[in-house]
Amino acid sequence: MKRRVIINRAARLFFQRRLKSSSATAADVCVIGGGIIGVWAACKAAEKGASVILTEQFARCHELGSSHGDGRIWRKAYEEDVYVDMMEQSLVAWNELSKDLLRTTGMLCLEDAEKARASDSMICGLSHLFERRKLAYQIFENGAGVRSQFPKSYGQLPDDIAAIYLEEAGVLFATPALKQTWTLAENLGVQVFEHTPINSITSLTSNGGYRVHASQDFTIDCASIILACGAWLSQIAMRCFDIDIPTRVTAELVSYHKASPALSVDNKMPVFSARLDNGLGPHGYYGIPKIAHGGFKLSAHHAGELLHRTNSSLLQIRHPDQKINDITEIRNQTLSKDAANDILASNQRFLRRIFPNLVQPEPLSTQRCLYTATPDHDYLIGHLLPPVTVSSSVITAGGGSGHAFKNAPAIGDAAACLALGLNPPFDVSQFSPLRNTLITARNKLEVPTALKCK
Numbered sequence: 001m002k003r004r005v006i007i008n009r010a011a012r013l014f015f016q017r018r019l020k021s022s023s024a025t026a027a028d029v030c031v032i033g034g035g036i037i038g039v040w041a042a043c044k045a046a047e048k049g050a051s052v053i054l055t056e057q058f059a060r061c062h063e064l065g066s067s068h069g070d071g072r073i074w075r076k077a078y079e080e081d082v083y084v085d086m087m088e089q090s091l092v093a094w095n096e097l098s099k100d101l102l103r104t105t106g107m108l109c110l111e112d113a114e115k116a117r118a119s120d121s122m123i124c125g126l127s128h129l130f131e132r133r134k135l136a137y138q139i140f141e142n143g144a145g146v147r148s149q150f151p152k153s154y155g156q157l158p159d160d161i162a163a164i165y166l167e168e169a170g171v172l173f174a175t176p177a178l179k180q181t182w183t184l185a186e187n188l189g190v191q192v193f194e195h196t197p198i199n200s201i202t203s204l205t206s207n208g209g210y211r212v213h214a215s216q217d218f219t220i221d222c223a224s225i226i227l228a229c230g231a232w233l234s235q236i237a238m239r240c241f242d243i244d245i246p247t248r249v250t251a252e253l254v255s256y257h258k259a260s261p262a263l264s265v266d267n268k269m270p271v272f273s274a275r276l277d278n279g280l281g282p283h284g285y286y287g288i289p290k291i292a293h294g295g296f297k298l299s300a301h302h303a304g305e306l307l308h309r310t311n312s313s314l315l316q317i318r319h320p321d322q323k324i325n326d327i328t329e330i331r332n333q334t335l336s337k338d339a340a341n342d343i344l345a346s347n348q349r350f351l352r353r354i355f356p357n358l359v360q361p362e363p364l365s366t367q368r369c370l371y372t373a374t375p376d377h378d379y380l381i382g383h384l385l386p387p388v389t390v391s392s393s394v395i396t397a398g399g400g401s402g403h404a405f406k407n408a409p410a411i412g413d414a415a416a417c418l419a420l421g422l423n424p425p426f427d428v429s430q431f432s433p434l435r436n437t438l439i440t441a442r443n444k445l446e447v448p449t450a451l452k453c454k
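All residue numbers for the sequence shown refer to full-length UniProt numbering, where the first residue is 1 and numbers rise by one.
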């Protein structure tokens, strides 16, 4: 490893000397996209000694993507070890950033009791991993056990629901986490350019390096690029590199509801995911107890309206001088009234079944966000192009909306390592943007109906 780092430093010094002769702004790494993954990628690259530029097409901490909101679930409830490894790495980073960003509540994963008895059930898959990782858990074969264990928050769960409980899970406060990560990036010396959409990217020479064109009079020269632009990732990959990454961009809707005081983070109500039929897709629901002055948060998972990358006004790259006057109007354009009503109706059916008399079915408010998912729901972490040199490459970081926010420090670290020619802290082969499952799905964009817990 030491020898490789020395080689990488020499390569970066070569780029720095060459880039300084250019009129463009220059850095070792240019991160495109200022959502939670992009900012963590910038932080991790800077921590490794690289000079870093971070561009964001809107203002920092905007509400037009996937990184805003009151809370996200953090959990070790996965069926694959690599995700638990990433969660453990990310928990260290979140706690180093601030002790106030995480709250441990535990988590209940719900499933129809009859389906839970099968050897391929979600509960069975999770229990195998929990045993392997020596994580404390408890299985409830029906609703009676859950009601007895959690009488205040799940005291009306019907008998035909089974569950598995994991202690190591809870809530990550999203917007505060994003703001503090931005602060960390600037403290580490990352150069930040907001309101800077990317128009094109060109290669500098056959020896490596790239020129990022933001506008006619602003370009960035860099050795490596990290594409962490969320819902815009596939668009930029196609526009700039003529590579089609089949992601499914949807406009999701979450609803907030008035609930019993017991259903709050302060009272340590377990967060939950529910592998139950939502009438809209195979992914069920997830929920987060009330945070501060908000409401009980619920969403039919991956049930949002599909957006077409080329037709949605929200996904168009904007000139930096073009102002966004009405964010609400832009967001409303991404979800039709019929689609929103279908999701709200699904949420209400769930509440009447699982939390009767504890949560009011009619929402207090709703919030929209963009989901960017791959067909197999694995992340996109890897080389988009064969690396020109050990320290000159284009790296993707994203593609995991719905279960990526909590793992952003690990995703960002892996992307930073790849951009600098270092070994990532975990095996990223299953996350390659050029993996077989993406090649076969390139022109389909369907989401599989049977997925492991992701």
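Virtual Cβ for every residue (Gly too), placed ideally from N, Cα, C.
Asked                                                                                                                  : Found
Touching by the beta-carbon criterion (3+ pairs, under 8 Å), the segment 108-115 and the segment 429-436               : no
Selection from Val52, Gly399, Gly170 that minimises the alpha carbon distance to asparagine 187                        : Val52
Sheet register partners of histidine 301 (DSSP bridge)                                                                 : Bridge partners of histidine 301: none, in fact.
Glutamine 138, DSSP secondary structure in three states                                                                : strand
Presumed contact (8 Å Cβ cut-off) between cysteine 222 and alanine 27, rounded CB distance                             : 5 Å
Lysine 290 in three-state terms, based on DSSP                                                                         : strand
For lysine 454 and serine 336, the rounded distance between their alpha carbons                                        : 27 Å
Coarse secondary structure for threonine 437, derived from DSSP in three states                                        : helix
Every unbroken beta strand (DSSP E) inside the segment 236-290 [3 residues or more]                                    : 248-257, 271-275, 285-288
Beta-carbon proximity check, phenylalanine 173 vs leucine 227, cutoff 7 Å                                              : no
Span of the beta strand (DSSP E) around threonine 372                                                                  : 365-373
Assigned secondary structure, glycine 412 (DSSP; H/G/I helix, E/B strand, else coil)                                   : helix
Sequence ranges, alpha helix (DSSP H) only - wholly within the segment 28-111, length at least 4                       : 36-47, 81-97
Cβ neighbours of tyrosine 137 in the same chain (closer than 7 Å, five flanking residues each side left out)           : Ser127, Phe130, Ile164, Tyr165, Leu166
Cβ contact check for the segment 273-288 and the segment 200-216: 3 or more pairs under 8 Å                            : no
Serine 234, buried or exposed, once every other Cβ within 10 Å from all chains shown has been counted against 16       : buried
Continuous beta strand (DSSP E) stretch holding alanine 214: start and end                                             : 208-215
Counted within 10 angstroms of its Cβ, other Cβ atoms place glycine 279 as buried (16 or more) or exposed              : exposed
In DSSP terms, what cysteine 222 is bridged to                                                                         : Ala27, Tyr210
Identified DSSP bridge partners for threonine 205                                                                      : Gly208
Buried/exposed call for isoleucine 198, threshold 16 Cβ in 10 Å                                                        : buried
Simplified DSSP assignment, three categories, for lysine 454                                                           : coil
Neighbourhood of glycine 71 by C-beta, 8 Å cutoff - its chain only, sequence neighbours within 5 removed               : Val171, Leu172, Phe173, Ala174, Val265, Ile288, Ile291, Lys297
Identity of the residue in Ile201, Ala300, Gly421 nearest threonine 389 by Cα                                          : Gly421
Option nearest threonine 104 by Cα separation, candidates Phe272, Gly33, Ala59                                         : Phe272
Integer Cβ distance of threonine 437 from threonine 247, believed to fall under 8 Å                                    : So it is not a contact: roughly 12 Å between Cβ atoms.
Straight-line Cα distance separating asparagine 142 from aspartate 160                                                 : 6 Å
Sub-7 Å separation of methionine 86 and alanine 410 beta-carbons                                                       : yes
Residues near phenylalanine 426 by beta carbon distance below 8 Å, same chain, minus five either side                  : Val82, Asp85, Met86, Gln89, Ala410, Ala414
Enclosing beta strand (DSSP E) for leucine 172 [first to last residue]                                                 : 169-173
Proximity of arginine 147 and leucine 157 at Cβ, strictly below 7 Å                                                    : yes
Reference valine 92, options Glu79, Trp74, Tyr78, Leu385, closest by Cα                                                : Trp74
Cα-Cα separation, glutamine 180 to serine 119                                                                          : 43 Å
Spatial neighbours of leucine 370 in its chain, beta-carbon cut-off 8 Å, leaving aside the 5 residues before and after : Leu64, Gly65, Ser66, Gly230, Ala231, Val249, Thr250, Ala251, Glu252, Leu307, Leu314, Thr334, Ser401
Straight-line Cα distance separating alanine 162 from isoleucine 123                                                   : 8 Å
Residue range of the alpha helix (DSSP H) that includes alanine 339                                                    : 337-354
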